[in-house]
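Residue numbers (my numbering), protein chains in the order written: chain U, 98 to 445; chain V, 16 to 231.
Glycine residues also receive a C-beta, built at the ideal position from the N, C-alpha and C atoms.
These figures come from a predicted structure and were not determined experimentally.
Worksheet: one structure, shown below.
Now the structure itself:
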């Protein structure tokens with residue numbers, strides 16, 4: 098394999114590492130922060146399921162990103178992923194809530210603009226719609242789960258200590274589902290832009306063929322897992338406080354709502370089933386895991402009649418929606434200009 | 016891991032249940048011991064009841080330490096742990112108060128004139144009703160926090176009744192021609208018995224808040 102391929106892939110892998118370091122906390126943060134689940138268990142479960150989700154179900158969202166902009170050169174894909182990573186890094190540094198999904202979409206549009214390719218407005222409007230829908234849907238699911246839990250818990254007399262054991266197991270299962278959904282939904286952000294360039298030859302394992310795309314997903318999944326193991330501990334420990342005071346049940350409902358939303362926006366099976374029933378299908382789009390979590394927490398807060406909804410936080414999220422794609426797009430445009438005109442690389 | 020988790024859980028549940036069993040037993044035996052004292056004074060039966068309360072209180076102490084240790088070492092119920100520990104400690108305090116009251120009878124053998132014995136008996140019955148309801152409330156807190164307010168309401172009710180009996184009994188004693196020292200001695204015992212209901216009410220008050228926190 099050409100070592101240059103790995104250099105070009107490094108920007109995507111860096112993005113994967115950042116995703117693992119930050120977004121794993123959305124899946125297991127509250128469970129670890131409240132000491133319901135140990136960090137070691139969380140990291141192992143999260144890594145295994147994030148890789149599984151990426152390899153098994155990652156293709157749906159990747160295809161949507163491919164439709165938005167089919168970046169056919171490795172150098173172009175490198176700069177697209179790098180500008181998304183730089184946008185995420187710099188905006189995180191300045192305290193802005195940021196999503197890798199929004200950064201990568203902005204970067205792809207930056208590539209489209211630079212290479213003079215038209216952006217499919219139909220696909221773009223679908224993606225924009227899901228960004229708004231993601232936290233709203235998470236809030237709706239959280240409200241439904243919370244109400245159902247209240248209904249059933251009033252009718253069941255489980256000892257508090259036994260309930261604690263059930264919640265621990267539920268948090269691990271919900272976390273595994275969350276990690277799977279995160280891998281399935283967000284792997285497109287990490288390696289999606291490299292798929293059209295097909296950097297790896299297919300490998301035959303007996304009669305089974307491992308395609309270039311699957312190898313990319315596996316590599317991206319591993320990058321996310323490394324991010325989980327090397328950097329997520331501190332983020333997980335502090336996430337409980339930053340998200341406000343959540344009970345273990347609240348944590349479980351939040352993680353489940355987040356996971357369901359990410360899964361819904363990544364599942365090809367669900368898409369096929371809905372189409373079979375003649376129902377409108379849900380677009381397979383990478384969405385922000387952080388915004389799904391915030392949506393779920395806002396849903397629970399509204400239900401509890403809490404006046405503690407942090408409108409400032411919501412305002413910052415909306416500002417993040419607008420700013421992230423723009424910042425990533427501008428960085429990508431400028432970066433591509435340099436790659437093409439200073440380094441003489443083909444980027445389109 | 017799961018089997019291990021459920022085994023630990025089962026063992027802790029049993030310990031908490033057993034702790035409240037001891038509390039209920041102590042209150043029943045306390046009532047019987049006071050009745051024996053009022054009927055026959057210090058005798059063998061009273062002594063054996065006192066010994067039983069003594070040993071139950073020690074067992075409850077041992078259970079409390081075990082529960083506390085297990086809750087902390089296994090990091091269980093992080094959001095309710097402080098409340099559970101406080102509840103267990105306060106109920107343990109109540110058991111010590113039962114024991115202390117019986118020791119006072121044994122050590123000081125108060126001379127209770129016949130005309131006041133019914134009052135002492137009624138006061139003891141009312142106090143025991145309050146603590147019995149508290150035991151039910153404490154158990155409900157772990158399994159069905161919705162029911163806690165109903166039990167606590169009864170604790171308050173019986174505690175108020177105990178206060179009424181206490182006031183009447185004290186007035187009757189102080190209106191009598193007994194020696195002042197004798198009156199004060201009798202009052203001391205009334206306050207000791209009534210103090211158990213007062214403490215039960217305090218625990219019930221806290222339990223109400225803990226239950227609301229659990230429901231939220």
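Assuming the contact rule is C-beta atoms closer than 8 Å, residue i and residue j should be a hit. Round their C-beta distance to whole Å, please.
{"i": "residue 167 (chain V)", "j": "residue 109 (chain V)", "result": "Contact doesn't hold; Cβ gap of about 15 Å is too wide."}
{"i": "residue 397 (chain U)", "j": "residue 260 (chain U)", "result": "Contact flag wrong, Cβ pair sits at about 18 Å."}
{"i": "residue 283 (chain U)", "j": "residue 198 (chain U)", "result": "7 Å"}
{"i": "residue 169 (chain U)", "j": "residue 294 (chain U)", "result": "6 Å"}
{"i": "residue 287 (chain U)", "j": "residue 320 (chain U)", "result": "6 Å"}
{"i": "residue 33 (chain V)", "j": "residue 102 (chain V)", "result": "The pair is not a contact, with the Cβ atoms about 15 Å apart (cut-off 8 Å)."}
{"i": "residue 436 (chain U)", "j": "residue 110 (chain U)", "result": "Incorrect: roughly 18 Å between the Cβ atoms, too far for contact."}
{"i": "residue 74 (chain V)", "j": "residue 30 (chain V)", "result": "Not confirmed; about 11 Å, so no contact."}
{"i": "residue 68 (chain V)", "j": "residue 60 (chain V)", "result": "Not confirmed; about 13 Å, so no contact."}
{"i": "residue 225 (chain V)", "j": "residue 156 (chain V)", "result": "6 Å"}
{"i": "residue 180 (chain V)", "j": "residue 138 (chain V)", "result": "5 Å"}
{"i": "residue 258 (chain U)", "j": "residue 91 (chain V)", "result": "6 Å"}
{"i": "residue 359 (chain U)", "j": "residue 393 (chain U)", "result": "So it is not a contact: roughly 11 Å between Cβ atoms."}
{"i": "residue 346 (chain U)", "j": "residue 246 (chain U)", "result": "6 Å"}
{"i": "residue 363 (chain U)", "j": "residue 278 (chain U)", "result": "6 Å"}
{"i": "residue 204 (chain U)", "j": "residue 177 (chain U)", "result": "4 Å"}
{"i": "residue 172 (chain U)", "j": "residue 439 (chain U)", "result": "Wrong, their Cβ atoms sit about 12 Å apart, outside the cutoff."}
At 7 Å on the CB atoms, spell out the chain U contacts of residue i, in chain order.
{"i": "residue 159 (chain V)", "result": "254"}
So which residues on chain V does residue i lean against when the C-beta distance must stay under 8 Å?
{"i": "residue 345 (chain U)", "result": "93 and 94"}
{"i": "residue 131 (chain U)", "result": "93 and 94"}
{"i": "residue 251 (chain U)", "result": "161"}
Between the Cα of residue i and the Cα atoms of the options, which residue gives the shortest distance?
{"i": "residue 353 (chain U)", "options": "U:370, U:391, U:249 and U:324", "result": "U:391"}
{"i": "residue 145 (chain U)", "options": "U:257, U:318, U:122 and U:254", "result": "U:318"}
{"i": "residue 383 (chain U)", "options": "U:415, U:230, U:423 and U:140", "result": "U:230"}
{"i": "residue 215 (chain V)", "options": "V:156, V:91 and V:171", "result": "V:171"}
{"i": "residue 188 (chain V)", "options": "V:143, V:81 and V:200", "result": "V:200"}
{"i": "residue 207 (chain V)", "options": "V:118, V:130 and V:193", "result": "V:118"}
{"i": "residue 238 (chain V)", "options": "V:139, V:131 and V:229", "result": "Absent from the model: residue 238 (chain V). The displayed extent of chain V is 16 to 231, so no value can be given."}
{"i": "residue 43 (chain V)", "options": "V:141, V:23 and V:184", "result": "V:141"}
{"i": "residue 76 (chain U)", "options": "U:276, U:137, U:311 and U:434", "result": "Beyond the ends of chain U as shown, which are 98 and 445, falls residue 76 (chain U); an answer cannot be given."}
{"i": "residue 323 (chain U)", "options": "U:376, U:117, U:367 and U:108", "result": "U:117"}
{"i": "residue 163 (chain U)", "options": "U:246, U:208, U:187 and U:132", "result": "U:208"}
{"i": "residue 41 (chain V)", "options": "V:64, V:27, V:130 and V:54", "result": "V:64"}
{"i": "residue 98 (chain V)", "options": "V:48, V:153 and V:134", "result": "V:153"}
{"i": "residue 349 (chain U)", "options": "U:131, U:418 and U:305", "result": "U:131"}
{"i": "residue 24 (chain V)", "options": "V:128, V:85 and V:123", "result": "V:85"}
{"i": "residue 186 (chain U)", "options": "U:228, U:165 and U:113", "result": "U:113"}
{"i": "residue 47 (chain V)", "options": "V:80, V:89, V:136 and V:129", "result": "V:136"}
{"i": "residue 268 (chain U)", "options": "U:124, U:434 and U:296", "result": "U:124"}
{"i": "residue 313 (chain U)", "options": "U:296, U:301 and U:206", "result": "U:296"}
{"i": "residue 220 (chain U)", "options": "U:361, U:395, U:158 and U:188", "result": "U:158"}
{"i": "residue 234 (chain U)", "options": "U:374, U:351 and U:401", "result": "U:351"}
{"i": "residue 223 (chain U)", "options": "U:380, U:402 and U:385", "result": "U:380"}
{"i": "residue 72 (chain V)", "options": "V:53, V:21, V:193 and V:45", "result": "V:45"}
{"i": "residue 196 (chain U)", "options": "U:442, U:206 and U:385", "result": "U:385"}
{"i": "residue 418 (chain U)", "options": "U:303, U:129, U:232 and U:262", "result": "U:232"}
Relative to the ligand PLP, is the shortest distance from any of its heavy atoms to the C-beta of residue i smaller than 7 Å?
{"i": "residue 66 (chain V)", "result": "This structure lacks the ligand PLP; in fact it carries no ligand of any kind."}
Along chain V, which residues have their Cβ under 7 Å away from the Cβ of residue i?
{"i": "residue 259 (chain U)", "result": "24 and 28"}
Please list, in chain order, the chain U residues whose beta carbon lies closer than 9 Å to that of residue i.
{"i": "residue 31 (chain V)", "result": "256, 257 and 258"}
Got a sec: is the Cβ-Cβ distance from residue i to anything in chain C below 8 Å?
{"i": "residue 79 (chain V)", "result": "Of the protein chains in this structure, namely U and V, none is chain C."}
Check: Using a Cβ cut-off of 8 Å, which residues of the segment 87-101 of chain V contact any Cβ in chain U, in chain order?
Finding: 90, 91, 92, 93, 94, 95 and 99
Next item on the list: Kindly confirm or deny that the segment 149-164 of chain U and the segment 282-296 of chain U touch, where touching means at least three C-beta pairs closer than 8 Å.
Entry: yes
Check: With contact counted as at least three CB pairs below 8 Å, one residue from each stretch, are the segment 200-220 of chain U and the segment 323-336 of chain U in contact?
Finding: At 8 Å Cβ cutoff, the stretches do not touch.
Check: Taking three-plus beta-carbon pairs below 8 Å as touching, is the segment 194-213 of chain V in contact with the segment 109-129 of chain V?
Finding: A contact is defined here as three or more CB-CB pairs under 8 Å, and the segment 194-213 of chain V meets this definition with respect to the segment 109-129 of chain V.
Next item on the list: Evaluate the contact criterion for the segment 177-190 of chain U versus the segment 423-432 of chain U: three or more CB pairs, one atom per stretch, below 8 Å.
Entry: yes
Next item on the list: Give a yes or no on contact between the segment 136-145 of chain U and the segment 261-272 of chain U, applying the rule of three or more CB pairs nearer than 8 Å.
Entry: yes
Note to self: I'd like to know if the segment 141-150 of chain V and the segment 172-179 of chain V are in contact, where contact means that at least 3 CB-CB pairs between them fall below 8 Å.
What the structure shows: A contact exists between the segment 141-150 of chain V and the segment 172-179 of chain V.
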